[in-house]
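Residue numbers (this note's numbering): 538 to 1021. Data first, discussion second: the structure below is written as structure tokens.
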Amino acid sequence: PTVTCIGDGINLVFDESILRAYYGGTVTITVDGVTDALGNPAASHTYSFVIGQWGTQTSPVSLVGPTDAWLINTTETTVDFTLADYDVFEVEHSLDYILLQYAPNHSGEWITIDTTWQEDLVAYYTANNTAGEAARFTTTWTPTLAEGSYAVRPVAYGDYGFPEYSGTLGGTVDTSVPFITSFTPGDDTLRFGETIVISYSEDLASASFESSDLDLKERIVTETNGIYDTTYVKVPSTEYLTQVSGSNVTLFFEEGFTATYDGADLRIQLSGLTDANNNATDTTLNQVIAVENVIVTGGGSQRLQSLNLAGEHREDGQVALHWNAISVDGIAFYAVERSTDGTYFESVGTVVAGSEAEYEFLDAVDFDTQIFYRLRLVSTAKELQSRTIAIQDNGLAMPLSVEVFPNPIEDSRVAFTWTSKGSEEHLTVEIRDLRGALLHTETLDATSRGLQQSVQLPTHLQSGLYLLQISQENDTQSVQFVVR
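Below, the structure is given as structure tokens:
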């Protein structure tokens, strides 16, 4: 410093650049060897001070938004930072401008994002605030940084004095999307005791997985007259468990799964997963695997028992189902189940287990296009299920048939259903007495096939037997009904 003696005092003038360089440090000044005008020595004196604010104090500043760690990913490409607690009108502090800075974690190098001058802060306040409100300023950052973790801070500068620093707020830049690196089993064949593992390029967020994200269905292919039709039937969720852990999605299967689906092709579709920073996987998995009820050992492989169901639509209109006997302790019967959509099944009959090597079940059912069947083996030891099969309509015409129910009729109304196959012509409905006299007639559209219909009888009919006669093209069917 420059030292000047001024009468009964000493004046010390410090270079401001030196004070800034040693900001926060302690200065100790010792005065010794000084005498008065008569040569009398003055006592030694020591004075200490900390280099702090020099001149008008710089305005403080705080970073108040976002309140949590910020994130830049594939969908969120910008982040808003809100500054507060600064003296926008310089009432008590000096404020020239505020810098917004960032630095990579574990780095002391701070890089300026944006500079906001005091006059811009005043203009923003005037446009967005009412008198007396605390000053706030929001700026949007669109970083183009390498992936990693960063810290952000605002710094206020005034006319005199030293910078005022806010606390820092950490965040992450992650724009990489997870992609599939491998699928197990590698030969696309699932065997007894095996799992399916889909591996990704990075860890996944287990909370991002929902049961609807995974679709596991059996692919059923049927053929009629050289024309192939493919249907996908959902595998019940009770047959497998899905686990998301680290970078893997694993499917664990019930013990009897390969016995149930032996010989089937399964389609696996998976989407909707994200990594920890909410980046969605780049593609939807769409994989087909075969199922074999085979156990692999060190010395080779061994085929296990399976319940193999097959069937066909016969010329007489019935569905014939066939399956092999299976050796299970305490076996009681085989339950045959039918479905129109491959998802919701109902029981249509049972076959008692005996000593036969093969079994057959005939189902007299009317259907269009295709129908689905499966088989359950019920025993005291365990319950097994066959894979689902689809029976394709054989395309053969079926004769006209009609059924009245209830019979005797109720409330002078004849309720009936009718079926046929091979004709889309309208239907003629007639009510006659046993002598053949026509009492009532009307027509029905072919779309009424299989649906319950009704005819209101004339009020003057006496109790007795009558005929319901329906005709479609050259085919006519008659059913007697009773009027009480």
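Each residue gets a CB set at the ideal place from its N, CA and C atoms; glycine is no exception. These figures come from a predicted structure and were not determined experimentally.
Quiz item: Taking DSSP as the reference, what is the three-state secondary structure of V1003?
Solution: The sequence given here places Tyr at residue 1003; Val does not occur at that position. In this structure, Y1003 counts as strand in the three-state DSSP scheme.
Exercise. Run the CB neighbour count on E755, radius 10 Å, all protein chains shown included, and call it buried at 16 or more, exposed below.
Key: A residue is called buried once 16 or more other Cβ atoms fall within 10 Å of its Cβ, and E755 is buried on that count.
Quiz item: How about L528 and F618: are their beta carbons less than 8 Å apart?
Solution: Residue 528 is absent from the structure shown; the chain starts at 538 and stops at 1021.
Exercise. With DSSP as the reference, label T679 as helix, strand or coil.
Key: In the displayed model, T679 falls within coil according to three-state DSSP, outside both helix and strand.
Exercise. Thinking S703 and P691 are a contact (beta carbons under 8 Å), I'd like their distance in whole angstroms, please.
Key: Contact check for S703 and P691: beta-carbon distance about 5 Å, within the 8 Å limit, so the pair qualifies.
Exercise. Pull up the CB-CB distance for E895 and A862, whole angstroms please, since I reckon it's below 8 Å.
Key: That belief holds up - the Cβ atoms of E895 and A862 are roughly 7 Å apart, short of 8 Å.
Quiz item: Nearest to E893 by alpha carbon, out of A574, T954 and H859?
Solution: Minimum Cα-Cα distance from E893 among the listed residues A574, T954 and H859 corresponds to H859.
Quiz item: Quick one, which of A744, V734, T775 and N830 has its alpha-carbon nearest L822's?
Solution: The shortest C-alpha separation from L822 is found at V734.
Practice problem: Alpha carbon to alpha carbon, how far is N1011 from P995? Give it in angstroms, no decimals. | Solution: Note on geometry: alpha-carbon atoms of P995 and N1011 lie some 27 Å from one another.
Quiz item: Of the choices I588, A558 and D573, whose alpha-carbon is the least far from that of V564?
Solution: Residue nearest to V564 within the set I588, A558 and D573 is I588 (criterion: CA-CA distance).
Quiz prompt | G708 and V616 closer than 8 Å at C-beta | solution = Yes, Cβ-Cβ distance for G708 and V616 is below 8 Å.
Exercise. Please list, in chain order, all residues of the same chain as N548 whose beta carbon is under 7 Å from its beta carbon, the five residues on each side excluded.
Key: Around N548: T541.
Exercise. Within its chain, find whatever has a CB closer than 8 Å to the CB of G848; leave out the 5 residues flanking it on each side and keep chain order.
Key: Excluding residues within five positions, the ones whose Cβ falls inside 8 Å are V856, A857, L858, H859, Y910, I926 and I928.
Practice problem: Specify the secondary structure class of S960 as computed by DSSP and reduced to three states. | Solution: Under the three-state reduction of DSSP, S960 is assigned to coil, being neither helix nor strand.
Quiz item: Is it right to say R557 is buried, meaning 16 or more other beta carbons lie within 10 angstroms of its own, or is it exposed?
Solution: Within a 10 Å sphere around the beta-carbon of R557 sit fewer than 16 other beta-carbons, which makes this residue exposed.
Practice problem: Measure how close the beta-carbons of D853 and R875 come, nearest whole angstrom, since I'm counting them as under 8 Å. | Solution: Wrong, their Cβ atoms sit about 18 Å apart, outside the cutoff.
Quiz item: Between Y560, L575, Y584 and I555, which lies nearest to D569 when the distance is taken from Cα to Cα?
Solution: The closest CA to that of D569, considering only Y560, L575, Y584 and I555, is found on Y584.
Practice problem: Tell me, please, whether the CB atom of V616 is closer than 8 Å to any CB atom in chain B? | Solution: Of the protein chains in this structure there is only one, and it is not chain B.
Quiz item: So what's T1028 in DSSP terms, helix, strand or just coil?
Solution: Since the first residue of the chain shown is 538 and the last is 1021, residue 1028 is not available in this structure.
Exercise. Keeping to the same chain, check which residues put their C-beta closer than 7 Å to that of A813; ignore five residues upstream and five downstream.
Key: For A813, where only same-chain residues beyond five positions count, the Cβ hits under 7 Å are D740 and A742.
Quiz item: Candidates I1007, L998 and T718: which alpha carbon is nearest S985's?
Solution: Of the candidates I1007, L998 and T718, the residue whose Cα lies closest to the Cα of S985 is I1007.
Self-check item: Endpoints, beta strand (DSSP E) assigned at D766
Solution: Unbroken beta strand (DSSP E) run through D766: I764 to K771.
Exercise. Give the secondary structure of V659 by DSSP, where H, G and I count as helix, E and B as strand, and everything else as coil.
Key: Helix.
Quiz item: Just curious, the alpha helix (DSSP H) that A927 is in, first and last residue?
Solution: According to the DSSP assignment, A927 belongs to no alpha helix (DSSP H) but to the beta strand (DSSP E) extending over I926 to Q929.
Quiz item: Who are G511's beta bridge partners in DSSP?
Solution: This structure does not reach residue 511, given that the chain is present from 538 up to 1021, and the question cannot be answered.
Quiz prompt | For E553, three-class secondary structure by DSSP | solution = Three-state DSSP puts E553 in a helix.
Quiz item: Shortest alpha-carbon distance to S1015 belongs to which of E940, A918 and T667?
Solution: The residue with the shortest Cα to Cα distance from S1015 is E940.
Exercise. Taking F699 as the reference, give the member of A621, E670 and T595 with the closest Cα.
Key: Measuring from the Cα of F699, the nearest candidate turns out to be T595.
Practice problem: Report yes or no: do three or more beta-carbon pairs, one from the region 797 to 816 and one from the region 772 to 786, lie closer than 8 Å? | Solution: Between the region 797 to 816 and the region 772 to 786, the count of Cβ pairs shorter than 8 Å is three or higher; the stretches touch.
Quiz prompt | Buried versus exposed, by CB contacts within 10 Å (16 or more), Q654 | solution = Note on identity: in this sequence residue 654 is Trp, with Gln being the wrong assignment. W654 should be labelled exposed.
Quiz item: D884 by DSSP, collapsed to three states: which one?
Solution: Residue identity differs from the one stated: residue 884 is Ser in this sequence, not Asp. S884 falls in the strand class under three-state DSSP.
Self-check item: Element boundaries [beta strand (DSSP E), containing T779]
Solution: Where T779 is concerned, the enclosing beta strand (DSSP E) stretches over Y777 to S782.
Practice problem: Give every residue of the same chain whose Cβ lies closer than 7 Å to the Cβ of D622, excluding the five residues on either side of it in the sequence, and list them in chain order. | Solution: Around D622: P597, V598 and S599.
Quiz item: Are G685 and V714 close, meaning C-beta to C-beta below 8 Å?
Solution: Their beta carbons are not under 8 Å apart, which means G685 does not touch V714 by this criterion.
Practice problem: Could you tell me the distance, in whole angstroms, from the CA atom of L914 to the CA atom of N610? | Solution: Whole-angstrom Cα-Cα distance: 52 Å.
Practice problem: Please report how far the alpha carbon of L753 lies from the alpha carbon of N931, in whole angstroms. | Solution: Each residue's Cα considered, the two are about 29 Å apart.
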